[in-house]
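Novice: One structure, pasted below without further comment.
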Amino acid sequence: MSILIIPNFFKRIFSNLFTIEKHIKLGFYGPPNGGKTTLANRITKDWLGGEEIGKVSKIPHETRKIQIKEKVEIKHKSRSIIFKLVDTPGIATKIDYEDFMKFGMKSKDAKRRAKEATKGVIESIKWLDDMDAVIIVLDSTQNPYTQVNITIIGNLVARKIPVLVVANKTDKKKSNIKKIEAAFPEYEAVGISAKYGKNMEEFYESVFNLVRKSKRKRKKKKKRGRRK
Ligand SMILES: Nc1nc2c(ncn2[C@@H]2O[C@H](COP(=O)(O)OP(=O)(O)O)[C@@H](O)[C@H]2O)c(=O)[nH]1
Ligand SMILES: [Mg+2]
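In the numbering used here, the protein residues as written are 2 to 229.
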């Protein structure tokens with residue numbers, strides 16, 4: 002009898018010391034070029050070694066398909082969470098192929114990119130419902146009061162999905178975190194440089210806070226399900 006009890010006893014102690022949560026679906030959303038893929042790559046580099054989630058470019062709409070990285074375990078203090086990272090195509094209200102030609106792209110390639118980017122926007126929105134929590138990645142040198150940002154946030158509020166706002170590119174001179182905080186006062190905002198890995202500790206702390214919020218939401222969802 003006692004042989005059976007002892008391992009269980011240890012198991013319980015271990016699970017209390019180190020809480021492991023599984024497969025939180027974490028989406029990276031925002032307008033094109035905010036640094037969603039750069040941030041997702043930074044996370045996979047930090048926790049999976051060299052592996053990357055996808056390509057980065059100064060030309061907008063580089064990510065035109067959903068990119069997923071499964072089983073990314075992030076540790077913070079005595080907790081550990083396993084994430085499924087979902088990097089999404091940038092959301093835009095206007096996609097003009099001529100804008101891509103300004104970067105030296107040929108008309109045919111620019112037109113194809115615009116078509117794929119438009120499909121990408123629809124994909125991103127479709128995937129929203131599936132997320133446990135969302136990180137909105139914004140370029141902190143840009144005006145945050147845009148139609149796209151307000152639409153994304155509105156969608157998340159309606160679905161009661163917990164949100165963390167990232168004010169990215171703090172390495173740049175024009176970066177203004179305060180302006181982003183003022184635009185979305187109901188959300189936690191954290192300033193980082195995904196490219197140079199600045200302030201990542203605070204970022205991971207915020208991600209763990211976000212999961213706590215998403216857990217409450219998931220519990221509520223379960224209860225509602227039972228009542229049905
Ligand atoms: N200076 C600076 N540039 C960044 C930072 N994060 C991303 N970028 C650049 O911004 C551009 C768009 O990045 P990307 O990750 O493709 O943005 P996405 O469209 O949101 O996925 C690329 O040229 C990146 O190198 C940052 O923290 N600082
Ligand atoms: Mg991208």
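Even for Gly, the Cβ is constructed at its ideal location relative to N, Cα and C.
1. Which residues does DSSP pair with Lys85 in a beta bridge?
2. Does DSSP put Gly91 in a helix, in a strand, or in coil?
3. Determine the extent of the beta strand (DSSP E) in which Glu124 is found, giving its start and end residues.
4. Is there at least one non-hydrogen atom of ligand 1 closer than 7 Å to the beta-carbon of Pro33?
5. Whole-angstrom Cβ separation of Ala168 and Leu139, contact assumed at under 8 Å?
6. Please specify which runs of the beta strand (DSSP E), each continuous and at least 3 residues long, are wholly inside the segment 136-169, giving them in chain order.
7. Would you check whether ligand 2 has a heavy atom nearer than 7 Å to the C-beta of Lys112?
8. Report all residues from its chain with a CB closer than 7 Å to the CB of Gly232; omit the five preceding and five following residues, and keep chain order.
9. With DSSP run on the structure shown, which of helix, strand or coil describes Glu53?
10. Helix, strand or coil: how does DSSP classify Lys37 here?
11. Using a Cβ-Cβ cutoff of less than 7 Å, which residues in the same chain neighbour Gln148 once the five nearest sequence positions on both sides are dropped?
12. Identify which residue in Ile25, Lys23, Thr38, Leu27 has its Cα closest to the Cα of Ser194.
Specialist: This is what the structure holds:
1. BP columns for Lys85 point to Lys26.
2. Under the three-state reduction of DSSP, Gly91 is assigned to coil, being neither helix nor strand.
3. Not the beta strand (DSSP E): Glu124 falls in the alpha helix (DSSP H), residues 108-129.
4. Within the cutoff, so yes.
5. About 6 Å separates the two Cβ atoms, so the contact holds.
6. Those beta strand (DSSP E) runs which fall completely within the segment 136-169 and span 3+ residues are 164-169.
7. Because no heavy atom of ligand 2 lies under 7 Å away, the Cβ of Lys112 does not count as near it: no.
8. Given that the chain is displayed from residue 2 to residue 229, the structure contains no residue 232 and the question cannot be resolved.
9. Here Glu53 sits in coil by DSSP.
10. Residue state for Lys37 is assigned as helix, using DSSP reduced to three classes.
11. Taken in chain order, the residues that qualify are Thr94.
12. If we check each option's Cα against that of Ser194, Thr38 comes out closest.
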